[in-house]
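Position one of the sequence shown corresponds to residue 17 (the working numbering), numbered consecutively onward. All residues carry an ideal CB built from backbone N, CA and C; glycine is no exception. Quick notes on the structure that follows.
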Amino acid sequence: RVEDFHALGSRISDHSFPYFFCDFPSEEDAKRIFQDTLDGKDADRAEEEAFGAFVMHRLARLYAERGWTMQIHLGPLRNNSSRLLRSFGPDAGTDSIGDWPQAERMSHFLDRLDSEDALPRTIVYNNNPSDNFTVATMLGNFQREVPGKMQFGSGWWHLDQRDGMEEQLKTLANLGLLSRFVGMLTDS
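In C-alpha coordinates:
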(Lines of atoms letter the chains of each structure in order from A and count residues from 1; the text may use other names and numbers.)
(Lines give C-alpha, C1' and ligand atoms only; values in the text may rest on other atoms or scores of the structure.)
Protein backbone atom coordinates (compact mmCIF):
# COMPACT_ATOMS: atom_id res chain seq x y z
CA ARG A 1 0.00 0.00 0.00
CA VAL A 2 2.91 2.39 0.54
CA GLU A 3 3.62 2.22 -3.20
CA ASP A 4 -0.01 3.07 -4.00
CA PHE A 5 0.00 6.07 -1.68
CA HIS A 6 3.40 7.16 -2.99
CA ALA A 7 2.12 7.04 -6.58
CA LEU A 8 -0.73 9.34 -5.53
CA GLY A 9 1.69 11.87 -4.01
CA SER A 10 1.75 10.91 -0.33
CA ARG A 11 5.03 11.67 1.42
CA ILE A 12 4.12 11.47 5.11
CA SER A 13 2.74 8.79 7.43
CA ASP A 14 1.02 9.08 10.80
CA HIS A 15 1.08 6.43 13.54
CA SER A 16 -0.08 6.44 17.15
CA PHE A 17 0.76 4.04 19.94
CA PRO A 18 1.38 4.23 23.68
CA TYR A 19 5.13 3.59 23.34
CA PHE A 20 7.62 2.39 20.77
CA PHE A 21 7.49 -1.33 20.08
CA CYS A 22 11.06 -2.55 20.04
CA ASP A 23 11.08 -6.31 20.66
CA PHE A 24 11.72 -7.18 17.03
CA PRO A 25 10.70 -10.74 16.09
CA SER A 26 12.14 -12.84 13.31
CA GLU A 27 10.20 -12.86 10.07
CA GLU A 28 9.12 -16.42 10.84
CA ASP A 29 7.72 -15.41 14.24
CA ALA A 30 5.91 -12.43 12.70
CA LYS A 31 4.35 -14.72 10.08
CA ARG A 32 3.28 -17.16 12.81
CA ILE A 33 1.68 -14.40 14.90
CA PHE A 34 -0.14 -13.10 11.83
CA GLN A 35 -1.34 -16.55 10.78
CA ASP A 36 -2.46 -17.40 14.32
CA THR A 37 -4.53 -14.22 14.38
CA LEU A 38 -6.07 -15.04 10.99
CA ASP A 39 -6.91 -18.47 12.41
CA GLY A 40 -8.85 -16.83 15.25
CA LYS A 41 -6.27 -17.19 18.01
CA ASP A 42 -5.81 -14.25 20.34
CA ALA A 43 -2.31 -12.82 20.46
CA ASP A 44 -0.97 -11.97 23.89
CA ARG A 45 0.48 -8.53 24.61
CA ALA A 46 4.06 -9.63 23.88
CA GLU A 47 3.00 -11.01 20.49
CA GLU A 48 1.00 -7.88 19.69
CA GLU A 49 4.00 -5.70 20.49
CA ALA A 50 6.39 -7.95 18.58
CA PHE A 51 4.18 -7.85 15.51
CA GLY A 52 3.81 -4.08 15.91
CA ALA A 53 7.61 -3.75 16.02
CA PHE A 54 7.92 -5.89 12.90
CA VAL A 55 5.36 -3.84 10.95
CA MET A 56 6.73 -0.46 12.07
CA HIS A 57 10.30 -1.51 11.24
CA ARG A 58 9.23 -2.58 7.75
CA LEU A 59 7.18 0.58 7.21
CA ALA A 60 9.96 2.87 8.42
CA ARG A 61 12.38 1.25 5.97
CA LEU A 62 9.90 1.79 3.13
CA TYR A 63 9.45 5.43 4.17
CA ALA A 64 13.21 6.00 4.25
CA GLU A 65 13.66 4.45 0.79
CA ARG A 66 11.02 6.81 -0.64
CA GLY A 67 11.99 9.97 1.22
CA TRP A 68 8.86 10.10 3.37
CA THR A 69 8.48 11.62 6.81
CA MET A 70 7.21 9.33 9.56
CA GLN A 71 5.04 10.93 12.25
CA ILE A 72 4.71 9.09 15.55
CA HIS A 73 2.25 10.13 18.25
CA LEU A 74 3.23 8.62 21.60
CA GLY A 75 1.62 8.17 24.94
CA PRO A 76 -2.17 7.90 25.12
CA LEU A 77 -3.92 5.44 27.41
CA ARG A 78 -7.10 4.74 25.50
CA ASN A 79 -10.65 3.66 26.34
CA ASN A 80 -10.33 3.88 30.13
CA SER A 81 -14.03 3.53 30.95
CA SER A 82 -15.21 0.01 30.16
CA ARG A 83 -18.81 1.14 30.77
CA LEU A 84 -18.58 3.84 28.10
CA LEU A 85 -16.61 1.51 25.83
CA ARG A 86 -19.47 -1.02 25.99
CA SER A 87 -22.07 1.71 25.41
CA PHE A 88 -20.41 3.76 22.68
CA GLY A 89 -17.43 1.77 21.42
CA PRO A 90 -13.81 2.91 21.19
CA ASP A 91 -12.78 6.55 20.93
CA ALA A 92 -15.72 7.84 22.97
CA GLY A 93 -13.66 10.42 24.84
CA THR A 94 -12.30 8.27 27.64
CA ASP A 95 -8.63 8.54 26.73
CA SER A 96 -6.00 10.06 28.99
CA ILE A 97 -2.31 10.76 29.22
CA GLY A 98 -0.39 7.52 29.65
CA ASP A 99 2.56 7.10 31.97
CA TRP A 100 4.71 4.79 29.87
CA PRO A 101 8.48 4.44 30.01
CA GLN A 102 9.60 5.92 26.68
CA ALA A 103 13.38 6.44 26.64
CA GLU A 104 14.78 2.92 26.32
CA ARG A 105 12.13 1.75 23.87
CA MET A 106 12.53 4.85 21.71
CA SER A 107 16.30 4.40 21.74
CA HIS A 108 16.10 0.76 20.61
CA PHE A 109 13.63 1.48 17.82
CA LEU A 110 15.43 4.52 16.40
CA ASP A 111 18.89 2.99 16.83
CA ARG A 112 17.94 -0.15 14.94
CA LEU A 113 16.77 1.87 11.96
CA ASP A 114 19.71 4.28 12.19
CA SER A 115 22.26 1.45 12.33
CA GLU A 116 20.68 0.01 9.15
CA ASP A 117 20.79 3.43 7.41
CA ALA A 118 17.00 3.16 7.23
CA LEU A 119 15.79 5.90 9.59
CA PRO A 120 13.38 8.21 7.73
CA ARG A 121 12.75 11.84 8.56
CA THR A 122 10.76 11.56 11.76
CA ILE A 123 8.48 13.74 13.87
CA VAL A 124 7.64 12.47 17.38
CA TYR A 125 4.73 14.02 19.28
CA ASN A 126 4.31 13.07 22.91
CA ASN A 127 1.18 13.11 25.04
CA ASN A 128 2.79 13.33 28.48
CA PRO A 129 4.56 16.58 29.41
CA SER A 130 6.98 14.64 31.61
CA ASP A 131 8.36 13.09 28.39
CA ASN A 132 9.32 16.43 26.79
CA PHE A 133 13.00 16.33 27.71
CA THR A 134 13.25 12.60 26.96
CA VAL A 135 11.85 12.97 23.46
CA ALA A 136 13.82 16.13 22.65
CA THR A 137 17.16 14.71 23.76
CA MET A 138 16.57 11.29 22.21
CA LEU A 139 15.83 12.75 18.80
CA GLY A 140 19.03 14.77 18.99
CA ASN A 141 20.99 11.51 19.09
CA PHE A 142 19.89 10.64 15.57
CA GLN A 143 20.26 13.94 13.70
CA ARG A 144 22.25 13.46 10.51
CA GLU A 145 22.08 13.74 6.73
CA VAL A 146 19.75 16.76 6.59
CA PRO A 147 19.17 19.56 9.11
CA GLY A 148 16.05 18.96 11.17
CA LYS A 149 15.71 15.32 10.13
CA MET A 150 14.45 14.34 13.60
CA GLN A 151 11.73 16.65 14.93
CA PHE A 152 10.24 17.09 18.40
CA GLY A 153 6.63 17.65 17.38
CA SER A 154 4.37 20.33 18.77
CA GLY A 155 2.09 19.91 21.78
CA TRP A 156 -0.40 17.17 20.92
CA TRP A 157 -3.83 16.12 22.19
CA HIS A 158 -3.95 16.91 25.91
CA LEU A 159 -0.94 19.20 25.41
CA ASP A 160 -2.56 21.04 22.49
CA GLN A 161 -3.33 24.08 24.64
CA ARG A 162 -1.38 27.16 25.64
CA ASP A 163 0.67 25.69 28.50
CA GLY A 164 1.44 22.49 26.58
CA MET A 165 2.55 24.36 23.47
CA GLU A 166 4.67 26.83 25.42
CA GLU A 167 6.41 24.04 27.35
CA GLN A 168 7.14 22.13 24.13
CA LEU A 169 8.59 25.26 22.53
CA LYS A 170 10.69 26.03 25.62
CA THR A 171 12.03 22.48 25.70
CA LEU A 172 12.88 22.57 22.02
CA ALA A 173 14.52 25.99 22.33
CA ASN A 174 16.60 24.78 25.29
CA LEU A 175 17.71 21.48 23.76
CA GLY A 176 17.49 21.83 20.00
CA LEU A 177 17.21 24.33 17.20
CA LEU A 178 13.96 26.23 17.18
CA SER A 179 14.81 27.49 13.69
CA ARG A 180 14.42 23.91 12.37
CA PHE A 181 10.99 23.35 13.97
CA VAL A 182 8.37 22.33 11.39
CA GLY A 183 5.59 24.22 13.18
CA MET A 184 2.31 23.68 14.93
CA LEU A 185 -0.48 21.19 14.26
CA THR A 186 -3.86 22.12 12.87
CA ASP A 187 -5.77 18.95 13.81
CA SER A 188 -7.51 20.15 16.97
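When we look at the beta-carbon of residue i and count the other beta-carbons within 10 Å, is it buried (16 or more) or exposed?
i	result
Glu182	exposed
Asp115	exposed
Gly199	exposed
Gln177	exposed
Pro136	buried
Phe36	buried
Ser103	exposed
Glu65	buried
Ala69	buried
Glu63	buried
Ser26	exposed
Gly105	exposed
Gln51	exposed
Ala108	exposed
Is the beta carbon of residue j closer than 8 Å to that of residue i?
i	j	result
Trp84	Ser42	no
Leu100	Ser112	no
Arg121	Pro163	no
Gln118	Asn148	no
Arg77	Ala134	yes
Ile49	Phe67	yes
Could you round the C-beta distance between residue i and residue j to whole angstroms and report it? I think they count as a contact, below 8 Å.
i	j	result
Phe168	Leu188	5 Å
His31	His89	7 Å
Thr110	Ser131	Actually they do not touch by this definition, with Cβ atoms about 39 Å apart.
Thr153	Leu191	6 Å
Under 8 Å: do the segment 137-152 and the segment 42-57 share three or more Cβ pairs, one atom per stretch?
no
Using 8 Å as the threshold, is the segment 115-132 in touch with the segment 34-53, meaning 3 or more CB pairs across them?
yes
Segments of 3+ residues assigned as beta strand (DSSP E) that fall wholly inside the segment 122-202:
137-142, 166-168
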